[in-house]
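In the numbering used here, the protein residues as written are 1145 to 1516.
I have placed the structure first, in the form of structure tokens, so that the comments after it can refer back to it.
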């Protein structure tokens, strides 16, 4: 198997220590010098130094530097994480009962006997995401599962790791054109199915409410919404798609009331709309509150459908939106399996989507004239 770049740097530095070119007790050259010497990035160098530290060749002293402490490994034992139970890092933007909790359950329960997983939250902050990636590299994880904060801005560290064929799996997103494995729902198909449901009920003027989040998941749902119009030979009106909801995003400083007011204004401006597709469950709740403000009720005055509805196992009388259900548990299971496979076969890249499921609820109304 071809060695990764950081392993080559590790081998060369180890040889220099063993041959006395960097003697025991001496300080290691500065990181920028080593980066220039080997023509590698800081990420690659840090992984090589972490391996040297783990094998007992060097020791890092805060605010002083890195020193050579042994010319031979403290233990000849080969890294066991790769062959016993690998340590994986997992980055989520956030998680709750609408999306993420069930996915994590699948991931953690399936990996229980196969791997250790450390979970951290980026809260949708790309800078925090970058910091967590660096932390995982310092911890010498064997692979990373990540739900990226953005599909439009890809972390430089993620690109660097991908170029080194480091085991990576992207969850609930697609990074087109990049050699990175991914697992998600077929969100375009989901958007089409949920939109066609409304057309089948006789709705002709259908709007969509989504957030400003820069992720492929929402873009795919909008594309599916457009395809749903094409299926029923109905003109798509771009002004029926409202993309300015912010309060539902992780770490948002925009108030819920601000978004309720925005939705109410949108509905007043487009009074001909009889149905709305909400790209997230929490947006559906905002729509419900906007309807209350306007004296409208769901579904009598407005039909509303959404994605990722929480389960109400113990409250069968609870109001439920007609919605798209994702196979979150299965996504978590498959993500772990894909990463384990990459640990053994670094050249393996898979991009997989799982089919969505339409769940009937209490939030839609049939209109007259339901012919296609």
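Note that the Cβ used here is the ideal one computed from N, Cα and C, for glycine as well.
Please read all numbers here as calculations on a predicted model, not as lab measurements.
- By the criterion of a C-beta distance shorter than 6 Å, residue 1394 is surrounded in its chain by 1237, 1238, 1267 and 1268, once the five residues flanking it on both sides are discounted.
- Counting every other CB atom within 10 Å of its CB across the protein chains shown gives residue 1291 a total of 16 or more, marking it as buried.
- For the stretch 1400-1455, the continuous alpha helix (DSSP H) assignments of 4+ residues that do not extend past its boundaries occur at 1400-1413 and 1425-1438, in sequence order.
- Around residue 1417, the same chain offers 1349 and 1351 as residues with beta carbons nearer than 6 Å, after the five sequence neighbours per side are excluded.
- The residue from 1334, 1244, 1504 and 1487 with its alpha-carbon nearest to that of residue 1147 is 1487.
- According to the DSSP assignment, residue 1287 belongs to the beta strand (DSSP E) that extends over 1287-1290.
- The three-state reading of DSSP puts residue 1347 in coil, since its state is none of H, G, I, E or B.
- Assignment of beta-bridge partners to residue 1240 by DSSP yields 1244.
- Residue 1324 and residue 1306 have their C-alpha atoms some 6 Å from each other.
- When secondary structure is reduced to three states using DSSP, residue 1149 falls in the helix class.
- By the C-beta criterion, the stretch 1466-1483 is judged to be in contact with the stretch 1245-1258, since at least 3 inter-stretch pairs fall below 8 Å.
- Rounded to the nearest angstrom, the gap between the Cα atoms of residue 1367 and residue 1231 is 37 Å.
- Between residue 1384 and residue 1409, the gap from beta carbon to beta carbon reaches 8 Å or more.
- Here residue 1188 is near residue 1149, since their CB atoms are less than 8 Å apart.
- Distance from the CA of residue 1459 to the CA of residue 1241, rounded to the nearest whole angstrom, comes to 15 Å.
- Within its own chain, the residues whose Cβ lies closer than 8 Å to the Cβ of residue 1260, once the five positions on either side in sequence are excluded, are 1229, 1230, 1231 and 1232, listed in chain order.
- Between the alpha carbons of residue 1421 and residue 1443 lies a gap of roughly 13 Å.
- Look at residue 1324 here: in three-state DSSP terms it is coil, with no helix or strand label.
- Distance from the CA of residue 1258 to the CA of residue 1502, rounded to the nearest whole angstrom, comes to 33 Å.
- Annotation for residue 1365: 1331, 1335 and 1423 place their beta carbon closer than 6 Å to its own, counting only its chain and skipping 5 residues before and after.
- Straight through space, the alpha carbons of residue 1465 and residue 1449 are spaced by roughly 6 Å.
- Looking at the DSSP output, residue 1501 sits in a beta bridge with 1469.
- When DSSP reads this structure, residue 1352 sits in a beta bridge with 1385 and 1421.
- Residue 1152 holds the alpha-carbon nearest to the alpha-carbon of residue 1195 among 1296, 1152 and 1182.
- Shortest Cα-Cα distance from residue 1425 to any of 1468, 1437, 1404 and 1387 involves 1468.
- Within the same chain, Cβ atoms closer than 6 Å to the Cβ of residue 1199 are found at 1217, the five residues on either side in sequence being excluded.
- Restricted to the stretch 1173-1206, the beta strand (DSSP E) segments that are unbroken, complete and at least 3 residues in length are 1202-1205, listed in chain order.
- Residue 1204 sits exposed, since fewer than 16 C-beta atoms from the chains shown fall within 10 Å of its C-beta.
- Around the C-beta of residue 1457, fewer than 16 other C-beta atoms lie within 10 Å, and the residue is accordingly described as exposed.
- According to the DSSP secondary-structure assignment, residue 1260 is paired through a beta bridge with 1231.
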